[in-house]
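2 protein chains.
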Amino acid sequence: MDTIRLAIVGYGKIARDQHHPAIAGHTGYRLDAVASRNAEVAGVANFESLEALLEEGPEIDAVSLCTPATVRTAQARLAMAHGKHVMLEKPPGATLAEIEILREDAQRCGVTLFASWHSRHAPYVAQARRWLTTRKIQRVDIEWKEDVRVWHPGQAWIWQPGGMGVFDPGINALSIATAILPRPFYLVDAQLQVPGNCQTPIAASLDFIDGVNVPIHAEFDFRQADTPPIWDIHVETDDGRLTLTRGGCEMLIDGQSQGMQEDAEYAGLYERFANLIHQGQSDLDVSPLRHVADALTLGYRHTVDDFVE
Amino acid sequence: MDTIRLAIVGYGKIARDQHHPAIAGHTGYRLDAVASRNAEVAGVANFESLEALLEEGPEIDAVSLCTPATVRTAQARLAMAHGKHVMLEKPPGATLAEIEILREDAQRCGVTLFASWHSRHAPYVAQARRWLTTRKIQRVDIEWKEDVRVWHPGQAWIWQPGGMGVFDPGINALSIATAILPRPFYLVDAQLQVPGNCQTPIAASLDFIDGVNVPIHAEFDFRQADTPPIWDIHVETDDGRLTLTRGGCEMLIDGQSQGMQEDAEYAGLYERFANLIHQGQSDLDVSPLRHVADALTLGYRHTVDDFVE
Chain G
48 MDTIRLAIVG YGKIARDQHH PAIAGHTGYR LDAVASRNAE VAGVANFESL
98 EALLEEGPEI DAVSLCTPAT VRTAQARLAM AHGKHVMLEK PPGATLAEIE
148 ILREDAQRCG VTLFASWHSR HAPYVAQARR WLTTRKIQRV DIEWKEDVRV
198 WHPGQAWIWQ PGGMGVFDPG INALSIATAI LPRPFYLVDA QLQVPGNCQT
248 PIAASLDFID GVNVPIHAEF DFRQADTPPI WDIHVETDDG RLTLTRGGCE
298 MLIDGQSQGM QEDAEYAGLY ERFANLIHQG QSDLDVSPLR HVADALTLGY
348 RHTVDDFVE
Chain A
48 MDTIRLAIVG YGKIARDQHH PAIAGHTGYR LDAVASRNAE VAGVANFESL
98 EALLEEGPEI DAVSLCTPAT VRTAQARLAM AHGKHVMLEK PPGATLAEIE
148 ILREDAQRCG VTLFASWHSR HAPYVAQARR WLTTRKIQRV DIEWKEDVRV
198 WHPGQAWIWQ PGGMGVFDPG INALSIATAI LPRPFYLVDA QLQVPGNCQT
248 PIAASLDFID GVNVPIHAEF DFRQADTPPI WDIHVETDDG RLTLTRGGCE
298 MLIDGQSQGM QEDAEYAGLY ERFANLIHQG QSDLDVSPLR HVADALTLGY
348 RHTVDDFVE
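Right, dumping it as structure tokens:
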């Protein structure tokens, strides 16, 4: 198949640490350009903006948007109007409504649009989904707890509206749960802990049920200080207990490890994006973000101690 | 065409005031049963629950669910599993996720599912949509202001999570705007005023844009005391200014009234439901509720004076 000529838009930390190495390690891509206000990358054409790249740059096939969600929709629309395939970092938009506009645009422009959820490409996610297919699920417990000071130092935006607070990591858990569970589920109760000086929750306790009333409980917490993070999903079935731990890098059945692998999430994302382009398809699953919007709509907000970094 | 044998589930104020008269006035329906915990209706079969109605009741074709959103999804799923067509009061669910499950159920069960938005059936909504079709829209201003003490006396649930606060009437404005404007739009900024003793906003200021950057501004306010309510949508175009006022009961072009009619929203709803049933189609537009979820997700919450009824 033809090599995909790619540009990265927004060369910040996530692009440098994850996207660029994953692209460099995939034979199906050639990184030809970068559009970024604050960074230049050696060996490729550099532009200050997506507009300048589209106007003056080399011919490209696709763009990977690593900019903040608040500006990404306008950039995605512009790139698609120029016939470029688009990959979106998570979440696919700041609002659910704009994603529906992107969905229509992608169809009209005849390009691939890929809303990426990197955690779905953790090593054991696909295996967990297959293991669960043949079993009767009885209950699900999600624990996603980390120290915000360690994992999001100085990220003041996370406490602003749209920053999602503890749902910024929590949406990763939801992206895995929606991928491995066989049925869609919905929220029935949400309790949110919101620091008095913040707009978004520092912790959330969520109760979902699926279409056959299986309970799915999630605890998200940013206050996991002085202890290792917990990124676990436990699924009780009629034939054993599955645990996805370390964010999907290890899987246990009835407490026995099935193996542990290094994270290669972004390699998986780019493999998926290439397949979608070659098949002429899009993948725009909003379900993780929809659950977060439901939780922020339906959640009871308890005011807790101010957050001081 | 065959008469639709109908049951009302949840015979509260909205069922008594709006649904029952609209059904009685429509020749396409016969109200055969009511399922309600706290009310009996003369001349039809009465049951304490939907379960009892489905088990022991007369054969019916369709149910109209007038129960609160929090219990409606389970009832809709049960009715559809029994092959009944279902009409949902607004909003179609407490969460967006559950509505997607209902959508799949309706397809699988081969029944009509209708998410009703009564304000879309106000007298001048269809005419406004047609008038706007041929014009270039420059900006939209929505004003939806009423005295909560007059219009929602004693409705404490409105201040609880899921009660939506000022979005309970505001979603009516959004249901009209999404019906008359030619393009979908999305939220870019939301400022919410939340009483210190409440979970939901008493006022909201919203800025949307559509796909070609037309600004759409909305002001929702529950604090319209001692003055008449304002339920207005103004649309500036390249060829005149349209105003839908009185919630769609009057339309003005450049300030000149085009006529005023009595509200007949629920008659329109039941006409639409009958047409959907006879055509074998569903209508499950979540866009008004999605905008509310986006506003509660993205909105900046300002704490204001406690609300004391």
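Protein chains in written order, with this note's numbering: chain G, 48 to 356; chain A, 48 to 356. The C-beta atom is built at its ideal place from N, Cα and C for all residues, glycine as well. Computed from a predicted model, the values in this text were never measured in an experiment.
Starting from Ser151 (chain A), trace the alpha helix (DSSP H) in both directions and tell me its first and last residue.
Contrary to the premise, residue 151 (chain A) reads as Glu rather than Ser in this sequence. That run of the alpha helix (DSSP H) goes 143 to 156.
Cutting at 8 Å between CB atoms, please list the residues of its own chain near Gln308 (chain A), excluding the five before and the five after it.
Pro170, Tyr171, Cys296, Glu297
Can you tell me where the alpha helix (DSSP H) with Leu97 (chain A) in it begins and where it stops?
97 to 103
Report the option in G:Ile218, G:Glu266, G:Val259 whose CA atom is closest to the CA atom of Asp236 (chain G).
G:Glu266
Count the C-beta pairs between the segment 317 to 332 of chain G and the segment 188 to 203 of chain G that are closer than 8 Å, then say yes if the count reaches three, no if not.
no
Nearest residue (CA-CA) to Gly346 (chain G), options A:Cys245, A:Thr290, A:Leu100, A:Arg186:
A:Cys245
My understanding is that Gly209 (chain G) touches Ala141 (chain G), with C-beta atoms under 8 Å, so please give their C-beta distance in whole angstroms.
5 Å
Under three-state DSSP, which class holds Gln271 (chain G)?
coil
Please name the residue or residues paired with Met211 (chain A) in a DSSP beta bridge.
In the DSSP output, where bridge partners are listed per residue, Met211 (chain A) has none listed.
Whole beta strand (DSSP E) elements within the segment 169 to 200 of chain G, 3-residue minimum
184 to 192
C-beta contact flag for Ala340 (chain G) and Leu135 (chain G) at 8 Å
no
With burial defined as no fewer than 16 other Cβ atoms inside 10 Å of the residue's Cβ, what is the status of Glu98 (chain A): buried or exposed?
exposed
Across the segment 52 to 68 of chain A and the segment 250 to 268 of chain G, are there enough close Cβ pairs to call them in contact, namely three or more that are closer than 8 Å?
no
For Gln326 (chain A), report the span of its beta strand (DSSP E) as first-last.
Per DSSP, Gln326 (chain A) belongs to no beta strand (DSSP E); it is in the alpha helix (DSSP H), 312 to 326.
Does the contact criterion of 3 or more C-beta pairs under 8 Å hold for the segment 154 to 163 of chain G versus the segment 317 to 324 of chain G?
yes
Which residue marks the beginning of the beta strand (DSSP E) containing Val235 (chain A), and which one marks its end?
232 to 242
For chain G, find out if any of its Cβ atoms is closer than 8 Å to the Cβ of Ile148 (chain A); answer yes or no.
yes
Which stretch, first to last residue, makes up the alpha helix (DSSP H) that contains Ile119 (chain A)?
The residue you asked about is not Ile; residue 119 (chain A) is Arg in the sequence shown. Where Arg119 (chain A) is concerned, the enclosing alpha helix (DSSP H) stretches over 116 to 128.
Arg167 (chain A) and Ser222 (chain A): beta carbons closer than 8 Å?
yes
Can you pull the chain A neighbours of Ala141 (chain G), defined as C-beta to C-beta under 7 Å?
Leu345
Where His66 (chain G) sits in the DSSP three-state scheme
helix
So, does the CB of Gln122 (chain G) fall closer than 8 Å to a CB anywhere in chain A?
no
Contacts that Pro242 (chain A) makes with chain G (C-beta to C-beta distance below 9 Å)
By Cβ distance, chain G contributes nothing, its closest Cβ being about 13 Å from Pro242 (chain A), past 9 Å.
7 Å Cβ cut-off: residues of chain A touching Gln328 (chain G)
Simply none; closest approach about 20 Å.
Any beta carbon of chain A sitting closer than 8 Å to that of Ile232 (chain G)?
The question names Ile, but residue 232 (chain G) in the sequence shown is Phe. Yes, Phe232 (chain G) lies at the interface with chain A (some Cβ there is under 8 Å from its Cβ).
Which residues of chain A have a Cβ atom closer than 8 Å to the Cβ of Gln246 (chain G), listed in chain order?
Tyr347, Arg348
Who are the near neighbours of Asp352 (chain A) in its chain, counting only those whose CB is closer than 8 Å to its CB and skipping five residues on each side?
Pro242, Gly243
Three or more C-beta pairs below 8 Å linking the segment 173 to 192 of chain A and the segment 125 to 133 of chain A
no
Which chain G residues are close to His264 (chain A), counting only those with a beta carbon under 9 Å from its beta carbon?
Those within 9 Å of His264 (chain A) in chain G number zero; the least Cβ separation is about 16 Å.
Please list, in chain order, all residues of the same chain as Arg348 (chain A) whose beta carbon is under 6 Å from its beta carbon, the five residues on each side excluded.
Leu239, Val241
At the level of alpha carbons, what is the spacing between Gly72 (chain G) and Ala314 (chain G)?
8 Å
Flag His338 (chain A) as yes if its beta-carbon sits less than 8 Å from any beta-carbon of chain G, otherwise no.
yes
Sequence-distant residues of its chain with Cβ nearer than 6 Å to Ile277 (chain G) (five each side left out):
Glu190, Lys192
Can you give me the C-alpha to C-alpha distance between Leu149 (chain G) and Glu102 (chain A), rounded to a whole angstrom?
46 Å
Tell me, please, which residues DSSP counts as bridged to Glu283 (chain A).
A:Arg186, A:Arg288
Straight-line Cα distance separating His338 (chain G) from Gln271 (chain A)
33 Å
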